[in-house]
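Student: So the sequence shown is residues 1 to 498, counted in UniProt numbering.
Cβ coordinates follow ideal geometry from the N, Cα and C atoms, glycine included.
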Amino acid sequence: MNLTPQSPFSSKASQLLSWGHWFTFANIGLVLLISSSYLFADKAPSSALGGFYMLITWLSHTSFITFCAFVLTVFPLSLVFPYPRHIRGMAALLATFGISVLSLDAFIYFQLGYHLNLQSGPEIISLLWSKFSGSPIIACILVISFVVIVLVFELLAGNRAWRHLAELKSYKFPKYASAILVSCFAASHSIHIWADANAYFDITKQDNVLPLSYPTTAKTLLARHDLLDIKQYEQAHDISLAQTQNLFTLSKPVPSCDVPNDKSVSIVVFEHVNALDVFVNQQQLTPIRQLLQPTNHSDALFNLVYGLPAFYKNTVLEHSTPAWSSLQPLLNVVGFDRFHNIENDSAPINIISGNALESDKKIEGTIIAFSLAPQSSDAIHTGMLYSKGFDVSETLIFKQLQDITYTLVASHLNCTELASHTMLGRDLKHVSSVEGVNYTQGVLVAFKKDRITLVSQDGSYKNLSGTEGFTIEQKLDIPFLINSIKVLKKFSPEQNPH
């Protein structure tokens, strides 16, 4: 093969290489536009430095990935097969495919909280099927239109760059743009090294936001040069709860609340699904998906009665009456021996065992029903919740038992301040947060959208898809877990010093 400077082959390859850089620049702009959706999928950084890091990481990382895609696909084709018309067509098809995959990944991340991977295939297919089955014609039109628009953009960008190649070569701004992107790339990794070493979680919590993102960490870089205090680093990143004292303390006195007299609620708890099904048919209850509860029945009932994770169980049970029902009796528990002293027939919220339910007695007001999880070696179980007169936000994936109690006090009884001061849950009617935390049998349970992370006391962990149950191969999200622990320890002495 003749590759001398005078050969036509070499000239075409050189022109295609120059064209490829401009084609890549055009795609960097498109990729930046699409990848900006990742920045809105999670909570925005709370600090100016975190926001600056997010911006420069987005600019540099997406540009770098786009450039790598060009180097690995279009560049080799230009050398092996230097025919401009064919290369432009193949490059447009490859770019359209890449942009389509990126868009799908952005959609999946926005909906489920994790990126495309083989393990999450069933959940992704289920999500896409639910979107398509709702309005199949509209969905197909939107998808096909998007792909066609991207393909047209790629063809126009490729042809325009080729026809005006001589003119484009005279422009100087690519040099400045390249310098800015390289500077952003270096700055983002340097800032991440500092943030990781100093446990600055407003930055490190962004590690999993962008696809194919593996920022340089302080541990890998500084430890290599013996510049890292391992003990201090591990202490800052410790997610163990084994040594914490799970005492329950309130930072402020329990606020009072005027409760309406016509707000009766009955929560019926069954031990077996068969009995629940009969009750649901009798009362004509509406199903609510994805009730997340501990498989340990004692922990589950504690969540429901006290509105707290079982992290506080040993201490709180000594006080017997839930803090939110201490000033005025708001709770009546029937049919559970361990809560026999929490009885008040006039209380607006009634938790009733299915075994103690009187078949001939009609239940008035709002009804909520569910069955306890079947015995299992797993720490948690997802099942169904049924209700009448109890609606929840459609944006939420998982609902916990403590969320039910919190919602009833905050929204149903209009005692928001009382709920927030005494319980650890979410208002299922008004909250938009897709994150939650629990603790059962020594296992920390933290979820974000569809991803559930389970961390045992020995430090072992696994990420699961809550709706499908398969394992998600994803590294441990330390900043998210540390924030979850802070939420869990809201009522611990270190959070509420006297």
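Could you give the first and the last residue of the continuous beta strand (DSSP E) run that contains K448?
Tutor: For K448, the enclosing beta strand (DSSP E) has its first and last residue at V443 to K448.
Student: Of all the beta strand (DSSP E) runs that stay within the bounds of the stretch 123–186, which reach a length of 3 or more residues?
Tutor: Secondary structure remark: continuous beta strand (DSSP E) runs of at least 3 residues inside the stretch 123–186: none found.
Student: Our contact map puts V269 next to F370 with C-beta atoms below 8 Å; I'd like the distance itself, whole angstroms only.
Tutor: Confirmed, Cβ separation roughly 7 Å.
Student: Is it right to say N274 is buried, meaning 16 or more other beta carbons lie within 10 angstroms of its own, or is it exposed?
Tutor: exposed
Student: Between the Cα of A92 and the Cα atoms of E167, K449, R160 and Y306, which residue gives the shortest distance?
Tutor: R160
Student: If I follow the unbroken alpha helix (DSSP H) through I99, where does it start and stop?
Tutor: P84 to L112
Student: In whole angstroms, what is the alpha-carbon distance linking S7 and W19?
Tutor: A caution first: S7 carries a pLDDT of 49, below 50, which makes its placement in the model too unreliable to give a value.
Student: Going by DSSP in three states, S264 sits in which element: helix, strand or coil?
Tutor: coil
Student: Please list, in chain order, all residues of the same chain as S325 whose beta carbon is under 6 Å from its beta carbon, the five residues on each side excluded.
Tutor: The residues are L331.
Student: Taking C-beta to C-beta, are L291 and G442 nearer than 9 Å?
Tutor: no
Student: Between the alpha carbons of P255 and S420, how many angstroms are there, rounded?
Tutor: 10 Å
Student: Relative to the C-alpha of S35, which residue among I141, S135 and S213 is closest?
Tutor: S213
Student: My output table needs one value for H381: the three-state DSSP class, helix, strand or coil.
Tutor: Of the three classes helix, strand and coil, the one that applies to H381 here is strand, per DSSP.
Student: In terms of alpha-carbon separation, which member of A379, I404 and I380 lies closest to D391?
Tutor: I404
Student: Can you look up N314 in the DSSP assignment and give me helix, strand or coil?
Tutor: helix
Student: What does the alpha-carbon distance come out to for the pair V487 and D42?
Tutor: Going from the Cα of V487 to the Cα of D42 covers about 17 Å.
Student: Report the option in E473, R451 and T467 whose CA atom is closest to the CA atom of residue 503.
Tutor: Residue 503 cannot be examined here, being either before or after the span of the chain that is shown, 1 to 498.
Student: Over what stretch of residues does the alpha helix (DSSP H) that includes Y406 continue unbroken?
Tutor: L401 to T407
Student: Thinking C-alpha only, which one of P374, A69 and T467 is nearest F398?
Tutor: T467
Student: Could you please give me the residues that DSSP links to A369 through a beta bridge?
Tutor: A369 is bridged to V268 and Y386.
Student: Is Q206 near K449, with beta carbons less than 9 Å apart?
Tutor: no
Student: Taking the beta strand (DSSP E) that E435 falls in, what are its first and last residues?
Tutor: E435 to T440
Student: How many Å lie between T321 and N341 at the Cα?
Tutor: 8 Å
Student: Leaving out five residues on either side along the sequence, give the residues of the same chain with a beta carbon under 7 Å from the beta carbon of H225.
Tutor: Because the pLDDT at H225 is just 43, under 50, the model does not fix this residue reliably, and the value given afterwards should be weighed accordingly. Contacts found: none.
Student: Since V333 is in the alpha helix (DSSP H), which residue starts that stretch and which ends it?
Tutor: DSSP places V333 in no alpha helix (DSSP H) but in the uninterrupted beta strand (DSSP E) bounded by L331 to V334.
Student: Return the Cβ separation of T440 and A379 in integer angstroms, given the expectation that the two are a contact with Cβ distance under 8 Å.
Tutor: 6 Å
Student: Alpha carbon to alpha carbon, what distance is there between A195 and V437?
Tutor: 25 Å
Student: Determine the direct distance from the alpha carbon of S178 to that of K172, and round the result to whole angstroms.
Tutor: 10 Å
Student: Within 10 Å of its beta-carbon, does E167 have 16 or more other beta-carbons around it, so buried, or fewer, so exposed?
Tutor: exposed
Student: Could you tell me whether the stretch 306–315 touches the stretch 419–435, using the rule of 3 or more Cβ pairs below 8 Å?
Tutor: yes
Student: Check for me: the alpha helix (DSSP H) holding L464 runs from which residue to which?
Tutor: That residue, L464, is in no alpha helix (DSSP H); its beta strand (DSSP E) goes Y461 to S465.
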